[in-house]
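Add 124 to the 1-based position in the sequence shown for the working numbering, that's all there is to it.
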Amino acid sequence: MTETPQVLKAALWMLGTIASFSAMAVAGRQVSFALDTFEIMTYRSLVGLIVVWTALTVTRRWSQVSTRNWKTQVFRNITHFTGQNLWFFAIASVPLAQVFALEFTSPLWVVLLSPLFLGEQLTRTRLATVVIGFVGILIVTRPTPETINIGIMTAASAAIFFALTNMITKRLTRTETVASIMFWLTGTQLIFGLISAGHDGYIALPDATTAPYLVVIGVAGLMAHFCLTTALSLAPASVVTPIDFARLPVIAVLGMLLFNEAIDPFVILGGAIIFAANYFGLVMERRRRRIAATQVNATNL
Numbered sequence: 125m126t127e128t129p130q131v132l133k134a135a136l137w138m139l140g141t142i143a144s145f146s147a148m149a150v151a152g153r154q155v156s157f158a159l160d161t162f163e164i165m166t167y168r169s170l171v172g173l174i175v176v177w178t179a180l181t182v183t184r185r186w187s188q189v190s191t192r193n194w195k196t197q198v199f200r201n202i203t204h205f206t207g208q209n210l211w212f213f214a215i216a217s218v219p220l221a222q223v224f225a226l227e228f229t230s231p232l233w234v235v236l237l238s239p240l241f242l243g244e245q246l247t248r249t250r251l252a253t254v255v256i257g258f259v260g261i262l263i264v265t266r267p268t269p270e271t272i273n274i275g276i277m278t279a280a281s282a283a284i285f286f287a288l289t290n291m292i293t294k295r296l297t298r299t300e301t302v303a304s305i306m307f308w309l310t311g312t313q314l315i316f317g318l319i320s321a322g323h324d325g326y327i328a329l330p331d332a333t334t335a336p337y338l339v340v341i342g343v344a345g346l347m348a349h350f351c352l353t354t355a356l357s358l359a360p361a362s363v364v365t366p367i368d369f370a371r372l373p374v375i376a377v378l379g380m381l382l383f384n385e386a387i388d389p390f391v392i393l394g395g396a397i398i399f400a401a402n403y404f405g406l407v408m409e410r411r412r413r414r415i416a417a418t419q420v421n422a423t424n425l
């Protein structure tokens, strides 16, 4: 009886995730004509650091911020900084729905890269998941010399760096608090942004037009990850993931209404196949763990 309310709460948190990611994409598109990606990331990190700093101070949780894994924290945030810059470049270059569809390939890259970074085995089931997802990628991109461009390539590359970020984050959560990870995220990426944006000696300042969008990007970026993490704490990933897929049709409609982007049925179809691959992998992984737990219990008996 208590499971259903938890699932409903998770669904509500996922609505916040969808709204936050969508708001960040729209705001990112709006400021991309005035600021480059490094400048956008600089201001996003500045807003995020102010929010995190305030939250840690108000809740008196500074003791949770640790330096014991600072090298891993820095490496994690280099990968995230790279992926986020590629993502902001992509949303200014290709239709938003196409970017989101390719972003959903990140879990597939986790499957491929986890043997190297997490020591996990690449089973036949996991390999089948990747193959199915790759079919979806082909449908989304429909690669020809005319359709493959820098925007598509950066969107696909962003998913790889997000996968690396997720794997390193998984390792960090074994010893680090969310407060510590978020502080290192915003703090180090502000430094990376200042260095990258100011390498030519000039950083464009926000004006009355871009400043509100930059605040939206900074706050929405934090809220998206907070809502997603909270949803996953309330319900299994196999329940949360289907709700997350609603981001694709939502951003497709927003792209149509706000930027006159045509809704491409192939992007929706390819995204659905990528989602199906991810969901299949989640279900099979849950089944594998259940069987393994049953075998351990039987052995103990």
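Note that CB positions come from ideal geometry on N, CA and C, so glycine has one too. Here the structure is a predicted model, which means the values were calculated and not measured.
Nearest candidate by alpha-carbon position, reference residue i, set the options
{"i": "Asn273", "options": "Gly311, Thr297, Ala216", "result": "Ala216"}
{"i": "Thr249", "options": "Leu236, Phe241, Gly243, Gly260", "result": "Leu236"}
{"i": "Ile284", "options": "Gln208, His323, Trp308, Thr333", "result": "Gln208"}
{"i": "Met291", "options": "Thr271, Asp160, Val234", "result": "Val234"}
{"i": "Thr293", "options": "Ile341, His204, Ala401", "result": "His204"}
{"i": "Ala149", "options": "Thr297, Phe307, Ala214, Asp160", "result": "Ala214"}
{"i": "Gly243", "options": "Val255, Arg295, Ile256", "result": "Arg295"}
{"i": "Phe241", "options": "Phe350, Thr333, Thr289", "result": "Thr289"}
{"i": "Thr265", "options": "Glu409, Met408, Gly394", "result": "Gly394"}
{"i": "Ile164", "options": "Trp137, Leu329, Ala279, Ile263", "result": "Leu329"}
{"i": "Pro267", "options": "Ala280, Ile256, Asn384", "result": "Ala280"}
{"i": "Ile315", "options": "Ile202, Trp137, Thr271", "result": "Ile202"}
Residue i vs residue j beta-carbon contact at 8 Å
{"i": "Ala303", "j": "Gln188", "result": "yes"}
{"i": "Thr166", "j": "Ile305", "result": "no"}
{"i": "Ala396", "j": "Thr141", "result": "no"}
{"i": "Gln130", "j": "Ala359", "result": "yes"}
{"i": "Val176", "j": "Leu338", "result": "no"}
{"i": "Phe228", "j": "Phe399", "result": "yes"}
{"i": "Leu118", "j": "Phe258", "result": "In the structure as shown, the chain starts at 125 and stops at 425, and residue 118 therefore has no counterpart that could be examined."}
{"i": "Gly317", "j": "Phe145", "result": "no"}
{"i": "Val374", "j": "Ala134", "result": "no"}
{"i": "Leu173", "j": "Thr310", "result": "yes"}
{"i": "Ala386", "j": "Thr253", "result": "no"}
{"i": "Val155", "j": "Thr278", "result": "no"}
{"i": "Phe383", "j": "Arg184", "result": "no"}
Backbone secondary structure at residue i - three-state DSSP
{"i": "Thr299", "result": "coil"}
{"i": "Glu163", "result": "helix"}
{"i": "Tyr326", "result": "coil"}
{"i": "Pro373", "result": "helix"}
{"i": "Pro389", "result": "helix"}
{"i": "Arg185", "result": "coil"}
{"i": "Ala359", "result": "coil"}
{"i": "Arg439", "result": "Any property of residue 439 remains undetermined from this structure, which presents the chain solely from 125 to 425."}
{"i": "Ser190", "result": "coil"}
{"i": "Gly172", "result": "helix"}
{"i": "Val343", "result": "helix"}
{"i": "Glu409", "result": "helix"}
{"i": "Ala228", "result": "Checking the sequence shown, residue 228 turns out to be Phe, not Ala. Residue state, collapsed to three classes: coil."}
{"i": "Pro336", "result": "helix"}
{"i": "Ile415", "result": "helix"}
{"i": "Leu309", "result": "helix"}
{"i": "Asn273", "result": "coil"}
Exposure of residue i, with buried meaning 16 or more beta-carbon neighbours within 10 Å
{"i": "Arg411", "result": "exposed"}
{"i": "Trp194", "result": "exposed"}
{"i": "Ala436", "result": "Residue 436 lies beyond the range of the chain shown here (125 to 425); nothing can be said about it."}
{"i": "Phe157", "result": "exposed"}
{"i": "Met125", "result": "Legend: pLDDT at Met125 = 44, less than 50; position of this residue unreliable, no value from coordinates given."}
{"i": "Arg414", "result": "exposed"}
{"i": "Leu103", "result": "The displayed coordinates of the chain run from 125 to 425. Any statement about residue 103 would go beyond what the structure contains."}
{"i": "Ala221", "result": "buried"}
{"i": "Ala332", "result": "exposed"}
{"i": "Ile319", "result": "exposed"}
Nearest-angstrom Cα separation, counted from residue j out to residue i
{"i": "Gly325", "j": "Gly405", "result": "47 Å"}
{"i": "Leu356", "j": "Leu139", "result": "13 Å"}
{"i": "Leu246", "j": "Glu300", "result": "27 Å"}
{"i": "Ala282", "j": "Phe199", "result": "16 Å"}
{"i": "Pro269", "j": "Trp211", "result": "22 Å"}
{"i": "Ile261", "j": "Leu232", "result": "11 Å"}
{"i": "Val218", "j": "Gln313", "result": "25 Å"}
{"i": "Phe369", "j": "Ala143", "result": "12 Å"}
{"i": "His323", "j": "Ala287", "result": "28 Å"}
{"i": "Ile276", "j": "Trp186", "result": "41 Å"}
{"i": "Asp160", "j": "Thr418", "result": "53 Å"}
{"i": "Trp308", "j": "Thr191", "result": "9 Å"}
{"i": "Ser230", "j": "Pro366", "result": "15 Å"}
{"i": "Leu346", "j": "Leu180", "result": "14 Å"}
{"i": "Val459", "j": "Cys351", "result": "This structure leaves residue 459 out entirely; the chain is present only between 125 and 425."}
{"i": "Leu226", "j": "Arg168", "result": "23 Å"}
{"i": "Gly379", "j": "Val182", "result": "38 Å"}
{"i": "Tyr403", "j": "Glu409", "result": "10 Å"}
{"i": "Val255", "j": "Trp137", "result": "31 Å"}
{"i": "Leu381", "j": "Thr271", "result": "23 Å"}
Cβ-heavy atom distance, residue i to the ligand SAM, below 7 Å
{"i": "Leu406", "result": "The ligand SAM is not part of this structure, which contains no ligands at all."}
Test: residue i CB closer than 8 Å to a CB of chain D
{"i": "Gln197", "result": "Note that chain D does not occur in the displayed structure, where there is just one protein chain."}
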